[in-house]
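Novice: Top line first, the protein sequences correspond to chains A and B.
Counting from 1, one number per residue, gives the positions in the first sequence under our numbering.
Counting from 116, one number per residue, gives the positions in the second sequence under our numbering.
Let me give you the structure first, and then I'll get to my questions.
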Amino acid sequence: GAVVSQHPSWVICKSGTSVKIECRSLDFQATTMFWYRQFPKQSLMLMATSNEGSKATYEQGVEKDKFLINHASLTLSTLTVTSAHPEDSSFYICSAISGARYGYTFGSGTRLTVV
Amino acid sequence: QQQVKQSPQSLIVQKGGISIINCAYENTAFDYFPWYQQFPGKGPALLIAIRPDVSEKKEGRFTISFNKSAKQFSLHIMDSQPGDSATYFCAALGGATNKLIFGTGTLLAVQP
Chain A
1 GAVVSQHPSW VICKSGTSVK IECRSLDFQA TTMFWYRQFP KQSLMLMATS NEGSKATYEQ
61 GVEKDKFLIN HASLTLSTLT VTSAHPEDSS FYICSAISGA RYGYTFGSGT RLTVV
Chain B
116 QQQVKQSPQS LIVQKGGISI INCAYENTAF DYFPWYQQFP GKGPALLIAI RPDVSEKKEG
176 RFTISFNKSA KQFSLHIMDS QPGDSATYFC AALGGATNKL IFGTGTLLAV QP
């Protein structure tokens, strides 16, 4: 089956630094990747949608300059949290589809803690 | 109109019992309704999904019941086991967008 690998699974960083999270589709080409943010005991909140080779589309209220998304190839998308602050601490999850719009596969998530 | 309402927020079921989680939607353009299971610290995993052209889909102990006229769908977990303890999310997809719309989640605890 389709597998999406997300790395790292957890990261602790100091306030003001930047953190990069990678999302890779291991056995399929991901035409579209999605990035979500999840707070404890809450649902997944879509942050942005990225298509290979084009700029990401951000959801309303998501700061595009703070959450930089790059989808440079059909198997890799990255989310960079720039100048991270404690309020950015959250669980970040990516997902990918291979063209068939119903074929969503989720990564295992990244726990970001900003101290 | 893009919301998917999910209930209950939490559920406690005895081992061997039936767990039932309900969802409702407004957008009639939705044409795909998946359920996801999420364990703590992990991403969601697809459990079972249904299209609106059928009223029920069963996979093992998991069944989706779909009521198109009421715009409601539900997940039934038969013979619930402690290993089923997780958070369950319903979702919907359709129309002009390929964005999954998630419900608010149900925390299920199956007591041994």
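C-beta: ideal position from N, C-alpha, C; glycine also.
Every value quoted in this text rests on a predicted model; they were computed, and no experiment measured them.
1. Any C-beta of chain B sitting closer than 8 Å to the C-beta of Leu116 of chain A?
2. Across which residues does DSSP place Glu52 of chain A in a beta bridge pair?
3. Assuming Glu22 of chain A and Leu74 of chain A form a contact by the criterion Cβ under 8 Å, report the distance between their Cβ atoms to the nearest whole angstrom.
4. Listing by chain order, which chain B residues have their CB less than 9 Å from the CB of Arg111 of chain A?
5. Looking at chain A, which residues of the segment 203-220 of chain B have a Cβ within less than 8 Å of any of its Cβ atoms?
6. Does the segment 136-151 of chain B come within contact of the segment 193-207 of chain B, defined as at least 3 CB pairs closer than 8 Å?
7. Which same chain residues, not among the five before or five after Arg166 of chain B, have their C-beta less than 8 Å away from its C-beta?
8. With respect to the beta strand (DSSP E) encompassing Tyr151 of chain B, which residues constitute its N-terminal and C-terminal limits?
9. With 8 Å set as the bound, which would you pick, yes or no: does the beta-carbon of Thr32 of chain A sit closer than that to a beta-carbon of chain B?
10. How long is the line joining the alpha carbons of Ile163 of chain B and Ser15 of chain A, rounded to whole angstroms?
11. Determine, for Ala160 of chain B, whether the minimum Cβ-Cβ distance to residues of chain A falls below 8 Å.
12. Does the beta carbon of Thr49 of chain A sit closer than 8 Å to a beta carbon anywhere in chain B?
13. Would you report the Cα separation of Met47 of chain A and Asp27 of chain A, rounded to the nearest angstrom?
14. Helix, strand or coil: which one does DSSP assign to Glu59 of chain A?
15. Exposed or buried, what is Val4 of chain A when buried is set at 16 or more other beta-carbons lying within 10 Å of its beta-carbon?
16. How would you call Thr57 of chain A, buried or exposed, if buried means at least 16 neighbouring beta carbons within 10 angstroms?
17. Hey, how far is the Cα of Gln187 of chain B from the Cα of Ile135 of chain B?
18. Would you please verify whether the beta carbon of Tyr140 of chain B is less than 8 Å from any beta carbon of chain A?
19. Any heavy atom of the ligand NAD within a distance shorter than 7 Å of the CB on Phe91 of chain A?
Specialist: Let me lay it out:
1. With chain A covering only 1 through 115, there is no way to say anything about residue 116 of chain A.
2. Numbered from 1 along the first sequence, position 52 holds the residue referred to as residue 52 of chain A. Answer is none; Glu52 of chain A lacks a bridge partner.
3. Position 22 of the first sequence, counted from the start, is the residue given in the question as residue 22 of chain A. Position 74 of the first sequence, counted from the start, is the residue given in the question as residue 74 of chain A. Going by Cβ atoms, the distance from Glu22 of chain A to Leu74 of chain A rounds to 14 Å, so no, they are not a contact pair.
4. As a working mapping, residue 111 of chain A is identified with position 111 in the first sequence. In chain order: Gly156.
5. Phe204, Leu208, Asn213, Lys214, Leu215, Phe217, Gly218, Thr219, Gly220
6. yes
7. Position 51 of the second sequence, counting from 1, holds the residue named residue 166 of chain B. Counting only Cβ-Cβ distances below 8 Å, and skipping sequence neighbours, we find Asp146, Tyr147, Phe148.
8. Locating residue 151 of chain B in the second sequence gives position 36, where the first residue counts as 1. Here the beta strand (DSSP E) through Tyr151 of chain B covers 145-153.
9. Looking up residue 32 of chain A in the first sequence gives position 32. Yes, because at least one Cβ of chain B sits closer than 8 Å to the Cβ of Thr32 of chain A.
10. Here the question's residue 163 of chain B lines up with position 48 in the second sequence. Here the question's residue 15 of chain A lines up with position 15 in the first sequence. For Ile163 of chain B and Ser15 of chain A, the distance between alpha carbons rounds to 40 Å.
11. Here residue 160 of chain B refers to the residue found at position 45 of the second sequence. Judged by the 8 Å Cβ criterion, Ala160 of chain B is in contact with chain A.
12. One-based indexing of the first sequence puts residue 49 of chain A at position 49. So yes, Thr49 of chain A belongs to the interface.
13. As a position in the first sequence, residue 47 of chain A is number 47, starting the count at 1. As a position in the first sequence, residue 27 of chain A is number 27, starting the count at 1. Distance between the alpha carbons of Met47 of chain A and Asp27 of chain A is about 24 Å.
14. Walking along the first sequence from the start, residue 59 of chain A turns up at place 59. It is coil, neither helix nor strand.
15. Sequence index remark: in the first sequence, residue 4 of chain A carries index 4 (1-based). Label assigned to Val4 of chain A: buried.
16. As a working mapping, residue 57 of chain A is identified with position 57 in the first sequence. That one is exposed.
17. Residue 187 of chain B sits at position 72 when you count from the first residue of the second sequence. Residue 135 of chain B sits at position 20 when you count from the first residue of the second sequence. Taking the straight line joining both Cα atoms gives about 13 Å.
18. Start at 1 with the first residue of the second sequence, and residue 140 of chain B comes out as number 25. Judged by the 8 Å Cβ criterion, Tyr140 of chain B is not in contact with chain A.
19. Looking for the ligand NAD in the displayed structure turns up nothing, as the structure carries no ligands at all.
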